[in-house]
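Trainee:
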Amino acid sequence: MLILFHCNISYASQIVRLFFAAKDIVWQEKIIDLRKYEQITGDYRKISPQGTVPALQDLSNNKIIANSTQIMAYVEKNYVSFDQKTDPALLPAIIDFCKHQESFHDPFLRTLSYHDLFKKAAISDPEKITRIVKQSEDHPNKERGRFLIRAAKGEFSETELAACRKEVEHYLDRLEMLLSKNKENFYLFDSRCYTMADAAATAALYRLYKIDLGNAVEKLSAVVGYYQRMQSEPCFEKANLC
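Structure below.
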C-alpha cells in the first residue's frame, strides 16, 4: 500500500496527484496542511526531515521518498501497469525535464506563488504575521524558513518579482519549442501515454493561471493547445487541483 503525504494547494503535490490519477495508482492520503504548518511537526518530520511535501511511504518495504520526481519514477518502475508504462527509451529525457521543472519552481514559480498567496490573503494583522514568522523560524530547512518569513512580510522586491516573471517567459518559450518539435504527439514526450513530464507541465500551467499569469501562456499557441488537451484528460479532474 502506498501512502501519499500531501497538501491540496502544494504545486509539487499536484504533480504527483496528476500522475497517480493518470496511471490509476491506488493510494491512501494523509493531508499535511501547509497553512497550519503541519509540515514542521515532529510526527511529519519523521517522514520528511526537511518538512517538505509531498512524501511517499511504501508500506510493503517501508521506503520513504520525499521528492515529486523521485516519487513518480519509483511508482513508474514498481506500480504502473504494463499497458500504461512509459517507453523506457524516453525516460531519461522525461526525468531530465522534470528535474529542470523543479529548478523552475524553486525559486521562480514558488516566489510568485507565495507573493500572490499573501497578497490575496491581505494579511495585515501584526499578530498573525508574528505567528507566521515564529513558525517559519522553526522550519527544519532554514533557507525555506527565511523564504517564508520574507513572503509573509511582503519583502520580495519588484526587481525579484520581475526576474521571476521573466523566467516564466523563458520557461514557456522552451515549452513552446518542445511542443513544436514534437507536434505530432498528443502528449509532451510520448505519443501513446501520459507521462511524468505531462504531470509536471500541467501543474505548472495550472499554477500560472491560478496566479494571474495566464496572459503569458495565451501568447503561445502550442502551449495553449497542449494545456487544453491536458485539461480534457480524466486525470485533470480526478487529481482535485485547487
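All residue numbers for the sequence shown refer to this note's numbering, where the first residue is 4 and numbers rise by one.
The beta carbon of each residue, even a glycine, is placed where N, CA and C say it ideally should be.
On the criterion of 16 or more Cβ atoms from any shown chain inside 10 Å, does N218 qualify as buried, or is it exposed?
Mentor: With fewer than 16 Cβ atoms within 10 Å of its Cβ, N218 is classed as exposed.
Trainee: Could you tell me which whole alpha helix (DSSP H) segments of length 4 or greater appear in the segment 12 to 46?
Mentor: As far as the segment 12 to 46 is concerned, its whole alpha helix (DSSP H) runs of at least 4 residues are 14 to 25.
Trainee: How would you label S116, buried or exposed, when you count the other beta carbons within 10 angstroms and need 16 or more for buried?
Mentor: It counts as buried.
Trainee: Where do the N-terminal and C-terminal ends of the alpha helix (DSSP H) with F239 fall, by residue?
Mentor: First-last of the alpha helix (DSSP H) with F239: P237 to K241.
Trainee: Where are the alpha helix (DSSP H) runs, 4 residues long or more, that stay fully inside the segment 49 to 106, in chain order?
Mentor: Runs found: 71 to 81 and 94 to 106.
Trainee: If the criterion is Cβ atoms closer than 9 Å, does the pair S63 and D27 meet it?
Mentor: Not in contact: S63 and D27 (Cβ atoms no closer than 9 Å).
Trainee: Below 7 Å CB to CB, which residues in the same chain sit around L175 once its five sequence neighbours on both sides are set aside?
Mentor: These residues qualify, in order along the chain: A219, V220, L223 and V226.
Trainee: Going by DSSP in three states, H118 sits in which element: helix, strand or coil?
Mentor: Helix, per DSSP.
Trainee: Helix, strand or coil: which one does DSSP assign to F8?
Mentor: Strand, per DSSP.
Trainee: Give the straight-line distance between the Cα atoms of Q87 and Q31, rounded to the nearest whole angstrom.
Mentor: About 21 Å.
Trainee: Is I214 helix, strand or coil when you go by DSSP?
Mentor: Coil, per DSSP.
Trainee: Go ahead and pull the three-state DSSP assignment for Y197.
Mentor: In this structure, Y197 counts as coil in the three-state DSSP scheme.
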